[in-house]
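Step one of this worksheet: look at the structure below.
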DNA sequence: CATTAAGATTTAACCGTTCACACTATAATA
DNA sequence: TATTATAGTGTGAACGGTTAAATCTTAATG
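Chains as they are written, first to last, in the numbering used here: chain A, 1434 to 1767; chain B, 1434 to 1767.
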């Protein structure tokens, strides 16, 4: 592989000049530039990115930590990150944390050790203080998490509004007896979604009775179980709003097994617009979580703050994304 | 950040000695080693991985190219790769090719430019010759693709056996009139699955009539359409075998809309054991494609060949993975 | 005791860039 | 004309490690 040295020799200029035409960061006469470019072409020169990193103290890589590599949400987020990053000729180093504090910390250490220029984190288990500490060491943006002290670098979904949208849709379709299957109540996103749900009910002068609230754990199976609880509780219900699509899927399964015809006998709405939502039967009406957009935005913040991009196509920074209703066939009007 | 220089000074030894205790690749007396380790500890020294890379001509990173970041298959493969790689303290640089030749090539260039030590590729669009060329430049392992010239570095699923397993299961459950919804026939995996299918039928002395074969494109919608073709073609069928889970999902949807009660009136089997397969209703019986295992194995090959690992926990190399039947509820016995 | 071999450590070149600074040539200003 | 500014280029020291070769110790051998 040709080095900058050989290029400089062939072009008859100094190393510095070659470096200048590469980086385009200082004046070089057109004549010289042409000579250098021709030499590069002729030698098939590619700069050694490692040497560049060492000398410039910049690796052009951003570290990403997600909980899992599979799963619709993370895939979309990463998709958004990778697409945007590669346009800028940067790259992504991936690690997983498995929602475990020790693993998340070790992954962060790993990424810092790799000299990433910045971090994009999707973490549940590590404390706010720890994250604040990390962000003092290295530019960090958080997805799906809000830490007040570094709120400019936090990107999240307006979960409350999403919950509101879902409930409102149900209400507009005439439903009044709506059961709710929530995620774990200690998770803020789960909690917020439910708050939005109640808010929509309130607008219709319904205040949610505790007997309509059921807590799951965001996994399919808990949706399944919760449905049975609902069904056996004796309450009247014509619709179920779920904290996420997985639980919605479980609830649909259970409902069908209990003899309900969907969506005729029962309407169900999910949350997230997971990959598989349109594969369910009936296709699941749900709330889109803008995962791709959030990944893209996290990247844009870094491109702007760390890499000083001034590109026009980097839109205005949005920290809170607005969820959208995705109407499909799982909600019936009555 | 402390450098090796400071460590050497504090420990009262030379740079080389510090390097040796780090890399553990030459004799160092216990006394010296202890001194050095203590100095490192005291300074909180972390080697600069970039400098290491430049000096050693090894980046400890492997480049991965997949078609898409979302989607169950890739997620699992990447999961297998990342897990195995991080155990070895290496990292993964990710790019996407979107099944487009130009993009795949540019991604490969990108990864080579990043000085990855090796490549793991999941590509459809680039030619065999190109891949052979690439593998001369940099150690490369291919997932889901077989190129004879570099077969030791190819990992794939025994698609034929998978197709065989699926059909056999249907046959064992008493089905004899089995329609087949295939993927694009120019894709080898699609073709192989169908060959396996026919083989199983042959064992039951059934030779597949062309009117039972329907070609889709691996997307859900084509499964949907194919079902209607099947249903309108006038053939008798009690089961449908599908080239993948997406098409199975589409077929299920169409069947239900046409009034079939599943699985009572019609059995359906998929292929891949995609994430969402168990979310369908009825839960989809399918063939597991060992995605995670393939990712892991690809990594093991690299760990062994490139990084010279001799770990016992790197199992024997397997180039062709054996698919497994995953029984759920979408197949009825008659 | 001199010789040799093996073991431990140091020296210094090297990896391929970037970048602060020095320098030269030319144009603009007083 | 002397002075100053500016554009264009070269010099050489980092950056933080690795590693081959040289050197120094120590122990074993005849």
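Each residue gets a CB set at the ideal place from its N, CA and C atoms; glycine is no exception.
Keep in mind it's a predicted model, so treat the numbers as computed, not measured.
Item, Value
"Residue nearest to residue 1518 of chain A in terms of C-alpha spacing, selected from A:1665, A:1502, A:1762 and A:1731", "A:1731"
"Cutoff 7 Å: residue 1436 of chain A Cβ touching any chain B Cβ", "no"
"7 Å CB neighbourhood of residue 1674 of chain A in its chain, flanking five on each side removed", "1599, 1600, 1603, 1611, 1613, 1630 and 1702"
"Sequence-distant residues of its chain with Cβ nearer than 8 Å to residue 1452 of chain A (five each side left out)", "1437"
"Neighbour flag for residue 1455 of chain A against chain B, beta carbons, 7 Å", "no"
"Cβ neighbour criterion (16 or more within 10 Å) applied to residue 1562 of chain A", "exposed"
"In DSSP terms, what residue 1754 of chain B is bridged to", "B:1590"
"Expected contact under 8 Å - CB spacing of residue 1505 of chain B and residue 1707 of chain B to nearest Å", "4 Å"
"9 Å Cβ cut-off: residues of chain A touching residue 1753 of chain B", "What residue 1753 of chain B touches in chain A: nothing, since even the nearest Cβ is about 23 Å away."
"Contact list for residue 1538 of chain A against chain B, beta-carbon separation under 8 Å", "Simply none; closest approach about 14 Å."
"3-residue-minimum beta strand (DSSP E) runs that sit fully inside the stretch 1654-1733 of chain B, ordered along the chain", "1672-1675, 1700-1702 and 1719-1721"
"Within chain B, partners of residue 1548 of chain A - CB distance below 9 Å", "1481, 1482 and 1483"
"Residue 1743 of chain A burial status per 10 Å Cβ neighbour count (16 or more: buried)", "exposed"
"Residues of the stretch 1669-1697 of chain A with Cβ closer than 7 Å to any Cβ of chain B, in chain order", "1682, 1685, 1686 and 1689"
"Residue 1570 of chain B burial status per 10 Å Cβ neighbour count (16 or more: buried)", "exposed"
"Own chain partners of residue 1753 of chain A with C-beta closer than 7 Å, once the 5 adjacent residues on each side are dropped", "1589 and 1591"
"Chain B within 7 Å of residue 1651 of chain A, Cβ atoms only", "no"
"Chain B contact for residue 1515 of chain A (CB, 7 Å cutoff)", "yes"
"Chain B within 7 Å of residue 1603 of chain A, Cβ atoms only", "no"
"Proximal chain B residues relative to residue 1512 of chain A, where beta-carbon distance stays under 8 Å", "1501, 1502, 1503 and 1529"
"Closer than 7 Å to chain B by CB, residue 1486 of chain A", "yes"
"Residue span of the alpha helix (DSSP H) that contains residue 1507 of chain A, given as start and end", "1505-1520"
"Within 7 Å, strictly: CB atoms of residue 1383 of chain A and residue 1668 of chain A", "What is shown of chain A runs 1434 to 1767, which leaves residue 1383 of chain A out entirely."
"First and last residue of the uninterrupted alpha helix (DSSP H) at residue 1450 of chain B", "1448-1456"
"Partner residues on chain B for residue 1492 of chain A, Cβ-Cβ distance less than 8 Å", "1483"
"Test: residue 1745 of chain A CB closer than 7 Å to a CB of chain B", "At residue 1745 of chain A the pLDDT is 48, less than 50, meaning the model places this residue with poor confidence and gives no usable figure here."
"Beta-carbon separation (whole angstroms), residue 1646 of chain A vs residue 1683 of chain A, contact threshold 8 Å", "Their Cβ separation, rounded to whole angstroms, is 17 Å, which puts residue 1646 of chain A and residue 1683 of chain A out of contact at 8 Å."
"Local Cβ density within 10 Å of residue 1726 of chain B, reported as buried at 16 or more and exposed below that", "buried"
"6 Å Cβ shell around residue 1461 of chain B - same chain, five flanking residues per side excluded", "1453 and 1454"
"Per-residue contacts from residue 1508 of chain B into chain A (C-beta, under 7 Å)", "1502, 1503, 1504 and 1508"
"Where the beta strand (DSSP E) containing residue 1494 of chain B begins and where it ends", "1494-1499"
"C-beta atoms of residue 1497 of chain A and residue 1472 of chain A nearer than 7 Å", "no"
"Residue 1602 of chain A (DSSP reduced to helix, strand or coil)", "helix"
"Any chain B beta carbon closer than 7 Å to residue 1525 of chain A", "yes"
"CA-to-CA distance, residue 1664 of chain A to residue 1737 of chain A, given in whole angstroms", "52 Å"
"Exposed unless 16 or more other CB atoms sit within 10 angstroms - verdict on residue 1536 of chain A", "buried"
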